[in-house]
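Numbering (the numbering used here), first residue to last: 316 to 564.
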């Protein structure tokens, strides 16, 4: 009798857990391993032209002369396995030095530009920063690429969120009403609430906030983490569309 009671309790608990999991999954329905940004983009039905990843952070206190900065850049290059196709771009002047590496991540088949800058002034001893600009090779590879960069660059995303952007082209001129419809489809897919709207005919921007997306920035006094931007390119007769988080740069 007691055994039957516990079995019944366990089945009720299991049902509750499964119901909660299914409810949560059906609320957002983001497939395992996919990123909310690319899932939101897929609702637009527009081919992806580019998936861009950007980041910038301080890596050291103090100023580094060019020779030391070059050694620092080389240590990052080796750690990432970045294959250089052109020599580094570098320079130095009073109180400022920089090194820029442009190469390919063979294992990810993705281009990556790494930039190191060191600066100082008479008022302080200076600091050294690292910035990068990368391109994911596919929608399915975005999460893997992000994890690879976090590990290889020793990047703390909570402290220094990545800026991500998916870009595509709409043939012809997208009017404001059509752009609004597309924005709503993308925002609704990740339960984003629009908090700032700046449509302006053939160009515009909407800023939103979703609890399913990490990171945030401030736009017009509002915290946002997702933006939809469109702009008509008269020369090529296409409308460029960008969906980015936490904002479109």
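All C-beta atoms in this analysis are idealised placements derived from N, C-alpha and C, irrespective of residue type, glycine included. This structure is a prediction, so every number in the text was calculated from the model and none was measured.
Could you tell me which whole beta strand (DSSP E) segments of length 3 or greater appear in the stretch 503-545?
When DSSP assignments are scanned along the stretch 503-545, the uninterrupted stretches of beta strand (DSSP E) that are 3 or more residues long and fall wholly within it turn out to be 508-515, 518-524, 532-534 and 537-539.
For residue 494, I'd like the list of residues in its chain whose CB is within less than 7 Å of its CB, leaving aside the five on either flank, ordered along the chain.
Correct list, in chain order: 514, 519 and 545.
For residue 523, count neighbouring C-beta atoms within 10 Å of its own C-beta (all shown protein chains included) and say buried if the count is 16 or more, exposed if not.
Buried, by the Cβ-count rule.
If you compare alpha carbons, which of 358, 365, 354 and 349 is closest to residue 555?
Nearest in C-alpha terms to residue 555, of all of 358, 365, 354 and 349, is 365.
Reducing DSSP to helix, strand and coil, say where residue 390 ends up.
Three-state DSSP puts residue 390 in a helix.
Residue 367 versus residue 425: straight-line alpha-carbon distance, rounded:
Each residue's alpha carbon lies about 10 Å from the other.
For residue 561, name the three-state secondary structure that DSSP assigns.
Looking at residue 561 - three-state DSSP - the assignment turns out to be coil, as it is neither helix nor strand.
Let me check one thing: in DSSP terms, what residues is residue 443 bridge-paired to?
Its beta-bridge partners are 375 and 433.
Would you check if there are 3 or more beta carbon pairs closer than 8 Å linking the stretch 350-358 to the stretch 495-511?
Flag = yes, the stretch 350-358 and the stretch 495-511 touch.
Given this structure, state the Cα-to-Cα distance separating residue 572 from residue 450, to the nearest angstrom.
Residue 572 is absent from the model: the chain starts at 316 and stops at 564.
Within the continuous alpha helix (DSSP H) that includes residue 356, where are the two ends?
351-357 is the extent of the alpha helix (DSSP H) around residue 356.
Just list the residues that DSSP pairs residue 548 with in beta bridges.
Residue pairing for residue 548: DSSP places it in a beta bridge opposite 553.
Is the beta carbon of residue 388 closer than 8 Å to that of residue 416?
Their beta carbons are under 8 Å apart, which means residue 416 touches residue 388 by this criterion.
Residue 482 lies in the beta strand (DSSP E); which residues open and close that run?
Its beta strand (DSSP E) spans residues 478-486.
Can residue 458 and residue 350 be called in contact, C-beta distance under 8 Å?
Cβ atoms of residue 458 and residue 350: closer than 8 Å.
Could you spell out where the beta strand (DSSP E) holding residue 583 opens and where it closes?
In the structure as shown, the chain starts at 316 and stops at 564, and residue 583 therefore has no counterpart that could be examined.
How many angstroms separate the CA atom of residue 340 from the CA atom of residue 529?
Here the model assigns residue 340 a pLDDT of 35, short of 50, so the residue's position is not dependable and the matter cannot be decided.
Where residue 507 falls, given that 16 or more other Cβ within 10 Å makes a residue buried:
Residue environment for residue 507: buried (at least 16 other C-beta atoms within 10 angstroms of its C-beta).
Mind reading off the beta-carbon distance from residue 542 to residue 531? Whole number of angstroms is fine, and I expect it under 8 Å.
Here residue 542 is actually not in contact with residue 531; their C-beta atoms are around 12 Å apart, not less than 8 Å.
Given this structure, state the Cα-to-Cα distance separating residue 325 from residue 512, to the nearest angstrom.
The pLDDT assigned to residue 325 is 34, lower than 50, so where the model puts this residue is not dependable, and the model offers no usable value.
Select from 480, 534, 485 and 533 the residue whose C-alpha is nearest the C-alpha of residue 559.
For the residues 480, 534, 485 and 533, the minimum Cα distance to residue 559 belongs to 480.
Inspect the beta-carbon positions of residue 463 and residue 370 and report whether they are closer than 8 Å.
No Cβ-Cβ contact shorter than 8 Å links residue 463 with residue 370.
In whole angstroms, what is the alpha-carbon distance linking residue 456 and residue 377?
In this structure, the alpha-carbon of residue 456 lies about 36 Å from that of residue 377.
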